[in-house]
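Residue numbers 12 to 84, in the working numbering, belong to the letters of the sequence shown in order.
Backbone N, C-alpha and C define an ideal beta-carbon position, used for all residues, glycine too.
Taking it in order: structure first as structure tokens, then the write-up.
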Amino acid sequence: MNEGQHVRVKVRTVHAVYSGDLFVPEKRKRFSDVINDPGAVFINLTDVRMNDGPEKIEHLSLNKYLIESIRNV
């Protein structure tokens, strides 16, 4: 099993705002280390809500180039 932690983030893209859990592996210290990984084009979120709506999305992959802002919540 992978060691690490889940961090709740809010991601604003050109299309919507997503709130979800971002997995930060043990070898990384902060969620920004995951976002700034030059080898990854996508970030993966789990337990996602889009635009604070009632529908929960189990898993979502977001293209990092569409992200306008991201913050820890």
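**Prompt:** Is Glu-79 closer than 8 Å to Val-25 when the C-beta atoms are compared?
**Reply:** yes
**Message:** On the DSSP letters alone, give me the boundaries of the beta strand (DSSP E) that Asp-58 sits inside.
**Reply:** 53-61
Compute the distance between the beta-carbons of Leu-71 and Tyr-29, then report whether it is under 8 Å. yes
What separation, rounded to the nearest whole angstrom, lies between the Cα atoms of Phe-34 and Glu-14? 10 Å
Legend entry - Spatial distance of Met-61 from Arg-23 (CA atoms): 10 Å
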